[in-house]
Amino acid sequence: MPDQIIFGMEVFLNGLMAGVLYALVALGFVLIYKASGIFNYAQGVMALFAALTLVGIMDGQVPFSHLINAVLGTDFHHFGWHVHSLLAIILTMAVMVLLAWGVQRIIFRHLVGQEPIILFMATIGLAYFMEGFGDIMWGSDIKKLDVGLPQGLNGVIDEVTYNMFNYGFFIDNLDIVATFIAAALVGVLVIFSQYTKQGRAMRAVADDHQAALSVGVSLNFIWIMVWSVAGFVALVAGIMWGTKSGVQFSLSLIALKALPVLMLGGFTSIPGAIVGGLIIGVGEKLFEFAIGPLVGGATENWFAYVLALIFLVFRPQGLFGEKIIERV
Amino acid sequence: MFYREAGDFKTTYVDDNQTFPIKFDRYRYYAVLAFAVAVVPFFINDYWLNAIFLPFLIYSIAAIGLNILVGYCGQVSLGTGGFMAVGAYAAYKLMTAFPDVSIFFHIIIAGGITAFVGVLFGLPSLRIKGFYLAVATLAAQFFLVWLFNRVPWFYNYSASGQISAPERTIFGHAVTGANVAPWVAYLFCLFFVIVSAIVARNLTRGSVGRKWMAIRDMDIAAEIIGVNPLTAKISAFAVSSFFVGISGALFFTVYLGAVEVGEAFGITKSFLVLFMIIIGGLGSIFGSFAGAAFLVLLPVLLKNTLVTGLGWPTDLAAHLEFMIVGGLIIVFLIAEPHGIAQLWRVTKEKLRLWPFPH
Numbered sequence: 001m002p003d004q005i006i007f008g009m010e011v012f013l014n015g016l017m018a019g020v021l022y023a024l025v026a027l028g029f030v031l032i033y034k035a036s037g038i039f040n041y042a043q044g045v046m047a048l049f050a051a052l053t054l055v056g057i058m059d060g061q062v063p064f065s066h067l068i069n070a071v072l073g074t075d076f077h078h079f080g081w082h083v084h085s086l087l088a089i090i091l092t093m094a095v096m097v098l099l100a101w102g103v104q105r106i107i108f109r110h111l112v113g114q115e116p117i118i119l120f121m122a123t124i125g126l127a128y129f130m131e132g133f134g135d136i137m138w139g140s141d142i143k144k145l146d147v148g149l150p151q152g153l154n155g156v157i158d159e160v161t162y163n164m165f166n167y168g169f170f171i172d173n174l175d176i177v178a179t180f181i182a183a184a185l186v187g188v189l190v191i192f193s194q195y196t197k198q199g200r201a202m203r204a205v206a207d208d209h210q211a212a213l214s215v216g217v218s219l220n221f222i223w224i225m226v227w228s229v230a231g232f233v234a235l236v237a238g239i240m241w242g243t244k245s246g247v248q249f250s251l252s253l254i255a256l257k258a259l260p261v262l263m264l265g266g267f268t269s270i271p272g273a274i275v276g277g278l279i280i281g282v283g284e285k286l287f288e289f290a291i292g293p294l295v296g297g298a299t300e301n302w303f304a305y306v307l308a309l310i311f312l313v314f315r316p317q318g319l320f321g322e323k324i325i326e327r328v
Numbered sequence: 001m002f003y004r005e006a007g008d009f010k011t012t013y014v015d016d017n018q019t020f021p022i023k024f025d026r027y028r029y030y031a032v033l034a035f036a037v038a039v040v041p042f043f044i045n046d047y048w049l050n051a052i053f054l055p056f057l058i059y060s061i062a063a064i065g066l067n068i069l070v071g072y073c074g075q076v077s078l079g080t081g082g083f084m085a086v087g088a089y090a091a092y093k094l095m096t097a098f099p100d101v102s103i104f105f106h107i108i109i110a111g112g113i114t115a116f117v118g119v120l121f122g123l124p125s126l127r128i129k130g131f132y133l134a135v136a137t138l139a140a141q142f143f144l145v146w147l148f149n150r151v152p153w154f155y156n157y158s159a160s161g162q163i164s165a166p167e168r169t170i171f172g173h174a175v176t177g178a179n180v181a182p183w184v185a186y187l188f189c190l191f192f193v194i195v196s197a198i199v200a201r202n203l204t205r206g207s208v209g210r211k212w213m214a215i216r217d218m219d220i221a222a223e224i225i226g227v228n229p230l231t232a233k234i235s236a237f238a239v240s241s242f243f244v245g246i247s248g249a250l251f252f253t254v255y256l257g258a259v260e261v262g263e264a265f266g267i268t269k270s271f272l273v274l275f276m277i278i279i280g281g282l283g284s285i286f287g288s289f290a291g292a293a294f295l296v297l298l299p300v301l302l303k304n305t306l307v308t309g310l311g312w313p314t315d316l317a318a319h320l321e322f323m324i325v326g327g328l329i330i331v332f333l334i335a336e337p338h339g340i341a342q343l344w345r346v347t348k349e350k351l352r353l354w355p356f357p358h
């Protein structure tokens, strides 16, 4: 087999793995959008915040130490203990639930019934706020996150492909784990929304706010729950990306990666987020591999957007989105 | 007492339709203009110019441009940074290709080129709406920045990948390059600001502006009563990008002088200008100025009080600024969706009766 095709296959596989990670972020968007009609731009920053909090708790950092030191002239940074990663994840989750409550209580309660675009801009404001808040709380230096996930070259795949093509594929263990976790997460979410009382209530709210309200579903509770679930998804995405490339500001930019995924897959569809993620992941890696060198490289920055843009012109609701019907 | 309409009789339609129908407003406007043109240039120094006046003036033009698109026509755009980059690079290419032509025309033409690019990226708005469109404009942002970063023709094959403005003069005074007198740069930008504001103000209250607002308020209904969505949306994109392009060109030539595209015109710039019009007031020319002034002054004030005054580290002040800006966006969206402009309007309404309660 010619080298180009083998390289292409490796790129394809890596693209699939990257796509899973994109889908993971996109999933958080879809959940909130379906249940509350809010397009949550802050999802990426939530992932960053979750990862920052997780690292902070694990390392026993003093929250706001930077600020306190600056104001009081003291000099302390750590409590001096280390928390086990599992416990830290649970604590972080508690923080994310608290955040969900705060967001719902302080912001979106006051914006009920506003136009979607106003809500969207409010989440941009929220993203900025949380970015500053996270940095003040935990400091803005690049942190290493290690919760014990395997990392590095996967030996088995390397060996098998080497025997087949005389060229070993480089597939990161972390990506494989991420794929499984994403699959599990989607499974859990599907079961949750299909078979539990709260999940059904969530779908009812997504379908029709007023009808759900009239049969006794508490909108307030559902929205807090949805934001918490989205916070959980953000935490998972934050752990994956944080382990991969360190916890730093650029982590919040994964939201920008997830947006074209959403446009492609449709804002309201969980399968759409996954299929869209895979298409974008594979598409941008293959494009960079095939066309990138001809035009100067780094096409990953815009390829997804341009693809989604062209796609939307022909199908404005995305692959799996609900058809947009407009009335006067 | 002094701010009132009583006794200010209008006898012609022209009188009735002027921009500032209330006498006091009109004189205040003339006073501000006179102050800006005739007083400030005598006192301006490098610090005031670079820290406050130039960014304020240039962002005002960008904010007016974006406000036309978002505030008047209802098409949310996150591609402002990319369009500013188009203006900057167009100005750069023109300046280096035609060194004999006045920079004044370069900047105008750069605006025209940006308008054309804006129309190209605005075409999908006919099919895509709401935040689908907002996300789609991000395509323009990322693609344009990448283009200027990677295609050497745009930066004249310079080794650093940066572009820097050569020295150009107007009436014998340098406006770009290293030896610019503060008052020249200030007046040069001020001229563009005043013309842009007047043009924008008159466009938005004429038939074009009413078409934009009809599209904003409900596009299908507008279409039914005879507004052509194609021309309305495309013209909004064109006019908006024209202003944004001019501001990008000024930002590069007069303010920064040398530009690295990802840094100067990245997505944060898009958000910054969007925040200006949200805080200032969507659908208001005055709001564009107010928002630009606010977001230019806020970091300067924070830096002066926190870093210089209290001795905090710079990064802490920067993070705090993020929090404050984000928080303010939310507060304004909740409490006063029409921004500072609306607060100003309410104040004026109160002033008309003051000191009487009714």
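Chains A and B, in that order, give the protein sequences. With our numbering applied, the first sequence covers 1 to 328. With our numbering applied, the second sequence covers 1 to 358. Glycine included, every Cβ here is placed at the ideal spot set by N, Cα and C.
- Contact residues within the segment 306–319 of chain B, judged by C-beta distance below 7 Å to chain A: W312, P313, D315, L316, H319
- Message: Less than 6 Å separating the Cβ of G7 of chain B from some heavy atom of the ligand MN?
- Response: Among the components modelled here there is no ligand, and therefore nothing to report on the ligand MN.
- Item | Close-in-space but distant-in-sequence residues of the same chain around A380 of chain B (CB under 7 Å, 5 per side omitted) | Because residue 380 of chain B is not part of the residues shown, which for chain B are 1 to 358, the question remains open.
- Item | Euclidean distance between Cα positions of D100 of chain B and A197 of chain B | 29 Å
- Query: Counting only beta-carbon atoms, is P124 of chain B nearer than 7 Å to chain A?
  - Reply: yes
- Item | Touching by the beta-carbon criterion (3+ pairs, under 8 Å), the segment 339–347 of chain B and the segment 72–87 of chain A | no
- Task: In the DSSP assignment, find the alpha helix (DSSP H) that holds V307 of chain B and state where it starts and stops.
- Result: Premise fails: V307 of chain B is in no alpha helix (DSSP H) and is neither H nor E.
- Message: What does the alpha-carbon distance come out to for the pair I6 of chain A and Y167 of chain A?
- Response: 8 Å
- Rounded to the nearest angstrom, how far is the Cβ of G134 of chain A from that of L24 of chain A, given a contact under 8 Å? At roughly 20 Å, the Cβ-Cβ gap does not stay under 8 Å, so G134 of chain A and L24 of chain A are not in contact.
- Query: Does the Cβ-Cβ distance between V226 of chain A and A51 of chain A come in under 7 Å?
  - Reply: no
- Query: If you measure beta-carbon to beta-carbon, which residues of the segment 337–349 of chain B are closer than 9 Å to chain A?
  - Reply: P337
- Determine the direct distance from the alpha carbon of F192 of chain B to that of I367 of chain B, and round the result to whole angstroms. Since the displayed chain B opens at 1 and closes at 358, residue 367 of chain B lies outside it and no answer follows.
- Query: Which word fits N154 of chain A, buried or exposed, when buried means at least 16 other C-beta atoms lie within 10 angstroms of its C-beta?
  - Reply: buried
- Message: Please return the same chain residues whose Cβ sits closer than 7 Å to the Cβ of G122 of chain B, not counting the five positions on each side in sequence.
- Response: K233, I234, F237
- Task: Check each candidate in A:I310, A:P116, A:V261, A:R315 and name the one with the smallest Cα separation from Y22 of chain A.
- Result: A:V261
- Task: Give the range of the alpha helix (DSSP H) segment to which W138 of chain A is assigned.
- Result: 116–138
- Query: At least one CB of chain A closer than 7 Å to the CB of I279 of chain B: is that the case?
  - Reply: no
- Item | Residues in the segment 64–76 of chain A having any Cβ partner in chain B nearer than 7 Å | H66, L67, A70
- List in chain order: all unbroken alpha helix (DSSP H) runs of 4+ residues lying wholly within the segment 128–215 of chain A. 155–165, 173–195, 197–207, 209–214
- Where H82 of chain A sits in the DSSP three-state scheme: coil
- For P316 of chain A, return the contacting residues in chain B, with the cut-off set at a CB-CB distance below 7 Å. R127, I128, Y132
- Task: Grab me the residues of M263 of chain A's own chain with a C-beta within less than 7 Å of its C-beta, minus the 5 sequence neighbours each way, in chain order.
- Result: A308, L312, G318
- Item | Assigned secondary structure, A6 of chain B (DSSP; H/G/I helix, E/B strand, else coil) | coil
- Message: Going by the DSSP bridge assignment, what does Q162 of chain B pair with across the sheet?
- Response: DSSP output for Q162 of chain B lists no bridge partner at all.
- Item | Exposed unless 16 or more other CB atoms sit within 10 angstroms - verdict on Q194 of chain A | exposed
- Task: Name the one or two DSSP bridge partners that A174 of chain B has.
- Result: B:T169
- Message: Against A91 of chain B, what residues of chain A qualify as contacts under a CB-to-CB distance less than 8 Å, listed in chain order?
- Response: Those do not exist, as A91 of chain B stays about 23 Å from chain A at its closest Cβ, beyond 8 Å.
- Measuring CB to CB, does A85 of chain B end up less than 7 Å from V261 of chain B? yes
- Query: Taking only runs of the beta strand (DSSP E) that begin and end inside the segment 10–82 of chain A, which ones reach a length of at least 3 residues, in chain order?
  - Reply: none
- Query: Between I220 of chain B and R168 of chain B, is the Cβ-Cβ spacing less than 7 Å?
  - Reply: no
- Task: Scan the segment 22–49 of chain A for residues whose Cβ lies nearer than 7 Å to a Cβ of chain B and list them as they occur along the chain.
- Result: F39
- If you draw a straight line from the C-alpha of G238 of chain A to the C-alpha of A134 of chain B, how long is it? 25 Å
- Query: Taking Cβ-Cβ distances below 8 Å as the criterion, which residues of the segment 115–142 of chain A are in contact with chain B?
  - Reply: P116, I117, I118, F120, M121, A122, I124, G125, L126, A127, Y128, F129, M130, E131, G132, F133, D135, I136, S140
- Query: For the candidate residues A:F287, A:F320, A:R105, A:V295, whose alpha-carbon lies nearest to that of F12 of chain A?
  - Reply: A:F287
- Query: Thinking C-alpha only, which one of B:K350, B:V254, B:T268, B:M276 is nearest D46 of chain B?
  - Reply: B:V254
- Query: CB-CB under 8 Å to G246 of chain A, same chain, minus the five flanking residues each way: which ones, in chain order?
  - Reply: I142, K143, K144, L145
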